[in-house]
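One structure is given here, and the rest of the page talks about it.
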Amino acid sequence: MKAVVFDTFGDPDVLHVAEVQRPEPGPGQMRIKVRAAGVNPIDAEIRSGAMQAVFPTPLPAILGIDVAGTVDAVGNGVDGFPTGESVVGWADAPAGAYAEYALASQVVRVPADLSFADAVTLPTAVEAANRGLDQLGVRAGDTVLIHGAAGSVGTIAVQMAVARGATVVGTASEAHQDYVRSLGAIPTRYGDGLVERVRGLVPHVDAVLDAAGKGALPDSIALRGGTDRILTLADPAGPSLGVKFSAGARADRSTSDLAAWVDMAARGELTTAVGGTYPLEQAAEAQRVSQAGHPPGKLILTVS
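For the sequence shown, the positions run 12 to 315 when our numbering is used.
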């Protein structure tokens, strides 16, 4: 099968298409014929080697956490997912979703009226947003600042926080202010003067969720008057500033939560956003665009 592989850490050019052995599902696993794979910012951090201390990656490696496609084969102990069933979930390590086939043991069904591209925007975003808001203890009446509100995780985190009864201020580029507003947040630009802009919008900030990793933590600390109730999902510099870095683990994944949000998206009750689609062979370009900034939502690799 074809897969996007990297043999050394570095810039996006280390990614290349190679022929690799098609994986066989073990107990509890399904082999997914991939139709769409999500491109997450953390993929670039892993590819560059910046996340080796958090996610040690043996080489050669195949990236990709979010996977959507059809069930191709199942291992022992898998029930209720017949061959051909449309599913979305998390690809099992060590091989990822940037491939024609991937293994997964945590998936949910994709309703007929939800596309693979829209479905694949959800697994990592739902898990990360839910985990971050839970760890911050976000509840009704809180005012929450979410950095990267137009991104794939931010899009879901804003809607989750609003659903909890929180007031949300979301940072995004000038071009994405209306999009952030449409999600239910008070939009503002990131960058110089952020502290003053936020203080002009809300009387206080109770919690900060950084889903962008773009250097906004010092301003977040200034707004909070310390590091309490600040969490980053994307900035490896967080711990050096006294801010907790929250990394996802398999134990954090909930298929019941994912199924609920997938169903909401299928009913039109949850906004999903595809920021762009690229064929598998253009994974390097997709990561360049991801790092440079792109339209709201998540970039997707498609596999025909």
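Every residue gets a Cβ at the ideal spot worked out from N, C-alpha and C, and that includes glycine.
What number of angstroms, rounded off, separates the C-alpha of Val155 from the C-alpha of Gly37?
42 Å
Report all residues from its chain with a CB closer than 7 Å to the CB of Arg264; omit the five preceding and five following residues, and keep chain order.
Trp101, Gln117 and Glu138
Quick check on Glu30 - is its C-beta less than 8 Å from some C-beta in chain B?
Protein chains in the displayed structure number just one, and chain B is not present.
Quick check on the burial criterion: 16 or more other C-beta atoms within 10 angstroms. Buried or exposed for Pro105?
exposed
Leaving aside the five residues before and after Ser59 along the sequence, list all residues of the same chain whose C-beta is less than 8 Å from its C-beta, in chain order.
Phe20, Gly21 and Asp22
Can you tell me where the beta strand (DSSP E) with Pro198 in it begins and where it stops?
Ile197 to Arg200
The alpha helix (DSSP H) enclosing Pro52, as first and last residue numbers:
Pro52 to Ser59
Within the chosen definition, does the segment 296–312 reach the segment 49–59 through at least 3 CB pairs nearer than 8 Å?
yes
My understanding is that Leu133 touches Val164, with C-beta atoms under 8 Å, so please give their C-beta distance in whole angstroms.
Going by Cβ atoms, the distance from Leu133 to Val164 rounds to 10 Å, so no, they are not a contact pair.
Among the candidates Pro250, Ala186 and Val254, whose CA atom is the shortest distance from the CA of Gly237?
Val254
Tell me the DSSP bridge mates of Ile311?
Gly49 and Thr288
How many Å lie between Ala277 and Gly91 at the Cα?
21 Å
Who are the near neighbours of Thr81 in its chain, counting only those whose CB is closer than 6 Å to its CB and skipping five residues on each side?
Lys44, Gly95 and Ser97
Comparing alpha-carbon positions, which option in Val191, Val179 and Ser184 lies nearest Leu144?
Val179
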